[in-house]
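Numbering (this note's numbering), first residue to last: 1 to 368. Backbone N, C-alpha and C define an ideal beta-carbon position, used for all residues, glycine too. Have a look at the structure below, then the notes.
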Ligand code: 13P
Ligand code: SF4
């Protein structure tokens, strides 16, 4: 059914879009934490030590680019051992990060679940800030680092904790579900979190006739189309997925009627109406592994198509390229800096963390 009502930032307070840079910290060298910068020369030894990694990405990274990346990749993999660190990487990270330095890759739900299991001292989150916050919430004793703390998200920036309190005043007693693409401050105000993998299941688990679902209006519409629960939505949108159009998808099909098209549920409804399959990034990858289409269009952030093509070179990808500028703030170079200096460390006010953790854990503990 259509969503019941929709509210947005204009109905409440105004706020800036981007995440502010973290306040300047005392340099790690002064704190006695920095490690010496390794040599980043391309040598026969680097070539030998990274040959098995190049094999994983040879279909998506040209040989001429590898000597520029391999020394940093080798240095990062050595530093992970020295720091007792693991790297968690979202499916939207570039192939040299996703396939060559990450220990665990996945969608938001998989990364959250994996974060609860990490035994190492340090987690380096290659993704955006809300993902690093989620790891910190779920494993608070670890040092959680994000290589660039400005890596935000248009959805997370669209809503504040104060907005959620105002929605609750307007709809007393109506439970609130927050997409994980929100700040810890927002998670602290809601009843439960969800990801695009489990949004319908989470909404239905509340057994309520109406649910406030925030902040993604398109994911809210997708959920509303799959359930009888009445959905009150928020006007947030993903700046990457909202740019796709149904007309664009129709043009791919006209050019090749045999092409398969799969889309992320953050896309507008006219886009999802044209897709052969809709699912989270992990569900999309599993669909490709299972169906092995000959020609495929992935309607999502474009590094994911590179990561899948590296794994499944027999699947021919048409690549409409919408980049997430926030995900792209993470680079090999700042991952290396992060491990050398142990910055930028993600911290959360303990009073907020306790309440936000409850919302995320409630989602993770939901029985299938
Ligand atoms: P997934 O949970 O599907 O990985 O989505 C996260 C995200 O930010 C998509 O834009
Ligand atoms: Fe946020 Fe969209 Fe980027 Fe995902 S792709 S992090 S939802 S802006």
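Beta-carbon within less than 6 Å of residue i's beta-carbon, same chain only, minus the 5 sequence neighbours each way: which residues are those?
i	result
residue 280	107, 196 and 197
residue 376	The chain is shown from 1 up to 368; residue 376 falls before or after that span and cannot be answered.
residue 359	187, 190, 192 and 193
residue 16	Summary for residue 16: the model assigns pLDDT 49, below 50, so the residue's position carries little reliability, and this model does not support an answer.
residue 317	296, 305 and 309
Count the other CB atoms, across all protein chains shown, that sit within 10 Å of the CB of residue i; report buried if there are 16 or more and exposed otherwise.
i	result
residue 100	buried
residue 363	buried
residue 236	buried
residue 250	exposed
residue 149	buried
residue 48	exposed
residue 366	exposed
residue 173	exposed
residue 145	buried
residue 33	exposed
residue 258	exposed
residue 357	buried
residue 216	buried
residue 333	exposed
residue 159	buried
residue 220	buried
residue 129	buried
residue 350	exposed
I'd like the list of long-range same chain contacts for residue i, defined as Cβ closer than 7 Å, with 5 residues on each side in sequence excluded.
i	result
residue 42	67, 70 and 71
residue 319	302 and 305
residue 223	199, 200, 203, 213 and 231
residue 371	Residue coverage of the chain in this structure runs from 1 to 368, which leaves residue 371 outside it and unanswerable.
residue 324	92, 240 and 301
residue 171	212 and 232
residue 50	70, 73 and 74
residue 238	154, 155, 216 and 266
If you measure between the beta carbons of residue i and residue j, is that distance less than 8 Å?
i	j	result
residue 346	residue 185	no
residue 40	residue 82	no
residue 98	residue 85	no
residue 1	residue 163	no
residue 147	residue 338	yes
residue 156	residue 116	no
residue 353	residue 57	no
residue 292	residue 256	no
residue 326	residue 152	yes
residue 119	residue 348	no
residue 104	residue 96	no
residue 109	residue 131	no
residue 340	residue 138	no
Tell me which residues share the same chain as residue i and place their Cβ nearer than 8 Å to its Cβ, disregarding the 5 neighbours each side in the sequence.
i	result
residue 143	121, 122, 123, 342 and 345
residue 287	262, 277 and 279
residue 226	200
residue 299	241, 244, 249, 261, 262, 263, 264, 267, 271, 275 and 320
residue 102	87, 88, 89, 93 and 126
residue 59	309, 310 and 313
residue 209	229 and 230
Legend entry - Contained alpha helix (DSSP H) runs [length at least 4] in the region 147-215, N- to C-terminal order: 161-170, 184-187 and 199-205
Inset, instruction - Please specify which runs of the alpha helix (DSSP H), each continuous and at least 4 residues long, are wholly inside the region 98-134, giving them in chain order. - result: 108-117
Inset, instruction - Taking only runs that begin and end inside the region 63-100, name each unbroken alpha helix (DSSP H) of 4 or more residues, in chain order. - result: 66-83 and 95-98
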